[in-house]
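Protein chains in written order, with the numbering used here: chain A, 336 to 673; chain B, 336 to 673.
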């Protein structure tokens, strides 16, 4: 049985001070991009304290590039987990890695959220083991905000759980709806179950059994949705297993690339279309911005006792700033008794 | 253990005469579009006999619209299966429906392939029950040809099988490769297993266990591919369970619509971009043609003793003509001893 813990009240903790831990290691652009993003966020949210997690000496050097801010400090973590390491082993053995140190700060209440652009596997494993699951949630899930014509759909799970029990899927609906309400300000978010048809008896075994669980929950469950409805502004939360979600998400990335490649080739084919392309450029620039993950922020890892944001590996300062914003908004809209 | 039955020889049956059954009922545009498509195909392939399946009186009226052709005839089927009927019941009870009559003609050797734009569920169920499976294939699968920058990827299964055993997935690789060789003329087609990462231990249970089966087969198995590689010209055949394939396929449909909608909105936003759009129009027209399912043909239902093509519900004459072409090419490139 699922109980929605969603409240229509927002802003409970607004302007209360709290801490966000930011992993400065593991991003493709190096620590300086992350530190710049953290400084931008620190300037924007003076009531939020940013804890930069990484090697002390290096970070002391980096922060000297900026005017001093009272809400920036360093949490020393000399080690780093590389993407090719086995997550379970790395989390167990690298106690002084930036991911483990950051997650432990959250566990100990020294930070209320964590942002990392490091190894996805290590972050998901570490977060589940160290921070622990939200009450009533069997498996945390990785969400991704996909831009639609008028807003966003939160697709989850995007890869944390391969084979899912029906109860996991139903809980993904719950944690996804909580996120869309708290962070995106959507009241009574519409939750859809990704499936191969609208009828409730359709689908694979997990989806068929998840349907009645979602229907019996307090969620605003609108039923099964097909693949074409994921981006059709039909739902705010689209639920599926992590295998399907990961394939769809990466397919979308590849598809944009293929389609834009085709458009480019055809536009450059004649003088007329070349001129057209030149004039149409501002329109394409706007679409690019709308699709830009840096504007959207990172992928929320939901169903934990605190929010963890997996920032894109190639995150720049803007992407990090927006990932921190996601944590700030989540904490501000969390009821104190949670 | 999978044995590839692919041969590098092609055209074994070229110019031998054979029959294709064409369901004239069930398409959204009515029988006249299907009949027109069949007449076009009959003119193009004079050695292939088209059997129009449907109500005799109506078809006699329809064919009078065209100059007489010796390779067109009627197979009387007074009944039709509607999309809302339960497939298993409809196939059992509607013995004189166009789908059952057409499939029985194939079963009896009176036709070597079948094209239908009717109910997908009834067609898949009926084809499996009436025509029967190819030797060594446990479950037939529905394929879809997706356009890439330089060619096509056959995605299968697109919805015939929800929960798949590893052996099903491995067999999808085999029947997909056969199709790409026979119909698309690709020698030694590259087969990829859709998964969440390149490493062979990744994925859900079915994919993890399918990997060694595919690796041990005679297929040109290139390993796991991620969602973004489906359209990247990395493989000729992309294998997954029917749940994932169906979601990806429909997501692609919805995504094109969303993206083109965004592009249109932005292009119409200013006079400059409007002018640009006008000039760039021929480029977009070319891409539209490349994405047009009518040019590509229907979805092959593979792994049966004969080929069945599920034509799009809204198929026009061109789409039907191309679906018939798929059957013709398949039969022509099938070795006589098969």
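Ideal Cβ placement from N, Cα and C applies to all residues, glycine included.
Terminal residues of the continuous alpha helix (DSSP H) containing residue i?
i                      : result
residue 443 of chain B : Per DSSP, residue 443 of chain B belongs to no alpha helix (DSSP H) and is neither H nor E.
residue 652 of chain B : 652-667
residue 617 of chain A : 606-626
residue 593 of chain A : 577-602
residue 494 of chain B : It is not in any alpha helix (DSSP H) - residue 494 of chain B carries neither H nor E in the DSSP assignment.
residue 502 of chain A : 501-517
Is the Cβ of residue i closer than 7 Å to any Cβ of chain B?
i                      : result
residue 498 of chain A : yes
residue 340 of chain A : Residue confidence for residue 340 of chain A is low, a pLDDT of 39 falling below 50, so the modelled location carries little weight; the figure read from the coordinates is stated next. Not an interface residue.
residue 578 of chain A : yes
residue 634 of chain A : no
residue 425 of chain A : no
residue 421 of chain A : no
residue 574 of chain A : no
residue 621 of chain A : yes
residue 601 of chain A : yes
residue 539 of chain A : yes
residue 597 of chain A : yes
residue 505 of chain A : no
residue 473 of chain A : no
residue 629 of chain A : no
If the criterion is Cβ atoms closer than 7 Å, does the pair residue i and residue j meet it?
i                      : j                      : result
residue 446 of chain A : residue 440 of chain A : yes
residue 424 of chain B : residue 383 of chain B : no
residue 373 of chain A : residue 360 of chain A : no
residue 387 of chain A : residue 357 of chain A : yes
residue 568 of chain A : residue 484 of chain A : yes
residue 488 of chain B : residue 565 of chain B : yes
residue 510 of chain B : residue 633 of chain B : no
residue 579 of chain B : residue 579 of chain A : yes
residue 581 of chain B : residue 499 of chain B : no
residue 422 of chain B : residue 471 of chain B : no
residue 665 of chain B : residue 518 of chain B : yes
residue 621 of chain B : residue 458 of chain B : no
residue 462 of chain B : residue 431 of chain B : no
residue 635 of chain B : residue 514 of chain B : yes
residue 501 of chain B : residue 473 of chain B : no
residue 533 of chain B : residue 507 of chain B : no
residue 602 of chain B : residue 608 of chain B : yes
residue 378 of chain B : residue 651 of chain B : no
residue 429 of chain B : residue 466 of chain B : no
residue 322 of chain A : residue 531 of chain A : Absent from the structure is residue 322 of chain A, since the part of chain A shown begins at 336 and ends at 673.
Tell me the DSSP secondary structure of residue i in three-state form.
i                      : result
residue 648 of chain A : coil
residue 547 of chain B : helix
residue 531 of chain A : coil
residue 479 of chain B : strand
residue 573 of chain B : strand
residue 566 of chain A : coil
residue 372 of chain B : helix
residue 474 of chain B : coil
residue 404 of chain A : coil
residue 341 of chain B : With a pLDDT of only 38 at residue 341 of chain B, under 50, the local geometry of the prediction cannot be trusted, and no value is derived from it.
Following the continuous beta strand (DSSP E) through residue i, name the residue where it begins and the one where it ends.
i                      : result
residue 362 of chain A : Element bounds for residue 362 of chain A: n/a, residue is neither H nor E.
residue 385 of chain A : 383-389
residue 637 of chain B : 634-637
residue 408 of chain B : 407-411
residue 355 of chain B : 353-358
residue 456 of chain B : Element bounds for residue 456 of chain B: not the beta strand (DSSP E) but the alpha helix (DSSP H), 455-461.
residue 559 of chain B : 555-560
residue 448 of chain B : 448-451
What does residue i touch in chain D if you count any residue whose Cβ is under 8 Å from its own?
i                      : result
residue 613 of chain B : The question asks about chain D, but that chain is absent: this structure's protein chains are A and B.
At least one CB of chain A closer than 7 Å to the CB of residue i: is that the case?
i                      : result
residue 581 of chain B : yes
residue 586 of chain B : yes
residue 491 of chain B : no
Which full runs of the alpha helix (DSSP H) of 4+ residues lie inside the stretch 414-443 of chain B, going along the chain? Runs of the alpha helix (DSSP H) inside the stretch 414-443 of chain B: 422-428, 433-442.
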